[in-house]
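Visitor:
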Amino acid sequence: MKTGGQLIVDTLKANGVERLFCVPGESYLAVLDALVDSGVGVTVCRQEGGAAMMADSWGRLTGKPGICFVTRGPGATNATAGLHIARQDSIPMILFIGQVQRDAREREAFQEVEYRRAFTEFAKWVGEIDDPARIPEFVNRAFSVAMSGRPGPVVLALPEDVLREVVANPPAEIHPNPVPAIHPGAAEMKDFANRLSNAERPVMILGGTRWTDQAVRQLERFAERAQIPVGCSFRRQMLFDHLHPCYAGDVGIGINPALAKEIRNSDLVILAGGRFSEMPSSGYTLLDVPFPAQQLVHIHADAGELGRVYRPSLAINADPASFADALSGLDVETTPERAERTAQMHGQYLDWSTPPETGPGAVHMGPIIDWLRDHLTEDAILTNGAGNYATWVHRYVRFRKFATQAAPASGSMGYGVPAAVAAKQAFPERTVVAFAGDGCFMMHGQEFATAIQHKLPIIVVVVNNSMYGTIRMHQERDYPGRVSATELTNPDFAALARAYGGHGETVEKTADFAAAFERAEASGIPAIIEIKLDQQAITPTRTLDQISGTGVKK
2 MKTGGQLIVD TLKANGVERL FCVPGESYLA VLDALVDSGV GVTVCRQEGG AAMMADSWGR
62 LTGKPGICFV TRGPGATNAT AGLHIARQDS IPMILFIGQV QRDAREREAF QEVEYRRAFT
122 EFAKWVGEID DPARIPEFVN RAFSVAMSGR PGPVVLALPE DVLREVVANP PAEIHPNPVP
182 AIHPGAAEMK DFANRLSNAE RPVMILGGTR WTDQAVRQLE RFAERAQIPV GCSFRRQMLF
242 DHLHPCYAGD VGIGINPALA KEIRNSDLVI LAGGRFSEMP SSGYTLLDVP FPAQQLVHIH
302 ADAGELGRVY RPSLAINADP ASFADALSGL DVETTPERAE RTAQMHGQYL DWSTPPETGP
362 GAVHMGPIID WLRDHLTEDA ILTNGAGNYA TWVHRYVRFR KFATQAAPAS GSMGYGVPAA
422 VAAKQAFPER TVVAFAGDGC FMMHGQEFAT AIQHKLPIIV VVVNNSMYGT IRMHQERDYP
482 GRVSATELTN PDFAALARAY GGHGETVEKT ADFAAAFERA EASGIPAIIE IKLDQQAITP
542 TRTLDQISGT GVKK
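In the working numbering, each residue carries its 1-based index in the sequence shown increased by 1.
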């Protein structure tokens, strides 16, 4: 005999779950009890949004669904912050929500929510388990849905009494559902080879999920053999070695104008794995909707995404790993002119990704990023949330390895710290650095306490300019001189780190950063390095005054 809570944990273990993230609640006490002797690691978090972001980061970096448990009502609604990230970013994740007991349903009981109605927009599938004997069926299905086609989050509601109820004859052994690979057809690959051989100005853009380290290496070898310039979609830079001779740059916010021009003038655009949504497409301007001016080959694991926004000249329903594997046997003709163009585009990327040495104020982010590029190992993991500070990471950090970046394409603030916690637990041997703005940090910075509790020596770099910088930038552009609701009063972040039991540093001059970072590393405990950045240093190339056009220093 087993309780529903025990069956939940048994099915998680059968599906290879090593760790889950949670904020505890009385609605799923039976699961918490079953976890005690299970061998599954439990990361107790400080807020459900942070817990869900950790699950997203785990799924993003490992390719396996991140698991999150929260309680009903306010716990569940807090978790939607991370759920939305996973949905828009195609990240496999399963959110388990404790639910009111069955005999109280539809009475608006304490903290009751009808999740199958409320969460449909946030998840691929929302289910509720009414019979404890069906728990293995529902949980296995959740894993299948989360990982198949276009990956994404699944929500399962767990009535409290279902978790306590005993199943007299539970299954002796639980077998996970297989997730089938989606291989490209031979005819489609032959068509693809012909189009690529005949193209004079091809460009490939990588995005989405279901990639593997092997697939990335296979694609790099193919790109060099076929002489195709390759760009990475917004916040997917880890999908291609930035110093590979075929790398052309990131296709996201603030794209290199030279790369944008090449995409618009291309005679063959290859979208592999991603949806090419609003941010990577520069507001749907790089390709015309719905009929691109360029030939378009779109490769995606979900047939429903092929033709959803752009009508492709050739649609290939395949997961990225299977497509990359098929490329290894493909014969493609190339020309010296194509090789020259590819080399030229890589050179343009190198110029574009060389940071400026100076700027307003006493702290300059360019030399700091330069130092980090030289200091960090190639397998170091970088995380961040959203804000203008992230431009320094996306434009100037040169990612070399797969599974080294966790950042929300959905543009959600507060992601960096919880993502770093999960990254350090998934890869404890690797350096993990979280970047956050001051506004970004304060949204989920309390998860620094989680890093302390679980002894995870992450390093958090807080870029503090005492404002919501991105909104202030837009404000100065559209309503110059009329500052409203963007100024912030912040704590001493270094002192806050020490109050939590961590290591704290404050950087007020560029030259102080390297030693501060090395002390943070040497401390062996979670650390915060606060960089006090001048408000005028709002972008790498333009000040607030230049954006507003007022000539008045704010």
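Ideal Cβ positions, reconstructed from N, Cα and C, are used throughout, including at glycine.
Would the stretch 47 to 55 count as touching the stretch 75 to 87 if we require 3 or more Cβ pairs under 8 Å?
Guide: The stretch 47 to 55, when compared against the stretch 75 to 87, does touch it at the 8 Å Cβ threshold.
Visitor: Looking only at its chain, what residues have a beta carbon closer than 6 Å to the beta carbon of residue 324, apart from the 5 residues adjacent to it on each side?
Guide: If we look at residue 324 and ignore the five residues flanking it on each side, its Cβ neighbours are 185, 300.
Visitor: Would you be able to state if there are at least three C-beta pairs under 8 Å between the stretch 110 to 130 and the stretch 448 to 458?
Guide: No, because fewer than three Cβ pairs between the stretch 448 to 458 and the stretch 110 to 130 fall closer than 8 Å, the two stretches do not touch.
Visitor: Once the 5 residues before and after residue 305 are set aside, which same chain residues still bring their CB inside 8 Å of it?
Guide: Cβ within range, chain order: 150, 151.
Visitor: If you count every other CB in all the chains shown that lies within 10 Å of the CB of residue 182, and 16 or more means buried, which is it?
Guide: Under this definition residue 182 is an exposed residue.
Visitor: With residue 540 and residue 392 assumed to form a contact (beta carbons below 8 Å), what rounded beta-carbon distance in angstroms separates them?
Guide: Contact flag correct, Cβ pair sits at about 6 Å.
Visitor: Determine the direct distance from the alpha carbon of residue 260 to that of residue 218, and round the result to whole angstroms.
Guide: C-alpha separation (whole angstroms): 23 Å.
Visitor: Is the beta carbon of residue 249 within less than 7 Å of some heavy atom of the ligand NAP?
Guide: No copy of the ligand NAP occurs in the structure displayed, which carries no ligand at all.
Visitor: Who does residue 262 pair with in a DSSP beta bridge?
Guide: Beta-bridge pairing links residue 262 to no other residue.
Visitor: Could you tell me if residue 550 is buried or exposed, where buried requires 16 or more neighbouring beta carbons within 10 angstroms of its beta carbon?
Guide: Exposed, since its Cβ has fewer than 16 Cβ neighbours within 10 Å.
Visitor: Round the Cβ separation of residue 507 and residue 365 to the nearest angstrom and send it over; I've been treating them as touching at under 8 Å.
Guide: Not really, about 16 Å apart at Cβ, beyond 8 Å.
Visitor: Determine, using beta-carbon pairs with one atom in the stretch 258 to 277 and one in the stretch 194 to 207, whether at least three such pairs fall under 8 Å.
Guide: Counting Cβ pairs under 8 Å, three or more are found: they touch.
Visitor: Consult DSSP for residue 18 and reduce its assignment to one of helix, strand or coil.
Guide: Residue state, collapsed to three classes: coil.
Visitor: So, using beta-carbon positions, are residue 67 and residue 60 closer together than 8 Å?
Guide: It is a contact, given that the beta carbons lie within the stated cut-off.
Visitor: Quick check: residue 419 and residue 39, are their CB atoms within less than 8 Å of each other?
Guide: Cβ atoms of residue 419 and residue 39: not closer than 8 Å.
Visitor: Rounded to the nearest angstrom, what separates residue 48 and residue 339 at their Cα positions?
Guide: Spanning the two alpha carbons is a distance of roughly 52 Å.
Visitor: Taking only runs of the alpha helix (DSSP H) that begin and end inside the stretch 368 to 432, which ones reach a length of at least 4 residues, in chain order?
Guide: Runs found: 391 to 397, 417 to 427.
Visitor: Take the Cβ of residue 559 as the centre, count every other Cβ of all protein chains shown within 10 Å, and call the residue buried at 16 or more, exposed below.
Guide: This structure cannot settle anything about residue 559, because the visible part of the chain is limited to 2 through 555.
Visitor: Give me the DSSP bridge partner(s) of residue 23.
Guide: Beta-bridge pairing links residue 23 to 45, 70.
Visitor: Does DSSP put residue 233 in a helix, in a strand, or in coil?
Guide: Strand.
Visitor: Provide the residue span of the alpha helix (DSSP H) that contains residue 199, from first to last.
Guide: Segment 187 to 199, the alpha helix (DSSP H) holding residue 199.
Visitor: Determine whether the beta carbon atoms of residue 464 and residue 440 lie at a separation below 8 Å.
Guide: It is not a contact, given that the beta carbons lie outside the stated cut-off.
Visitor: Exposed or buried, what is residue 2 when buried is set at 16 or more other beta-carbons lying within 10 Å of its beta-carbon?
Guide: Classification for residue 2: exposed.
Visitor: Looking only at C-alpha atoms, which of 230, 165, 80 sits nearest to residue 341?
Guide: Comparing Cα positions, the closest option is 230.
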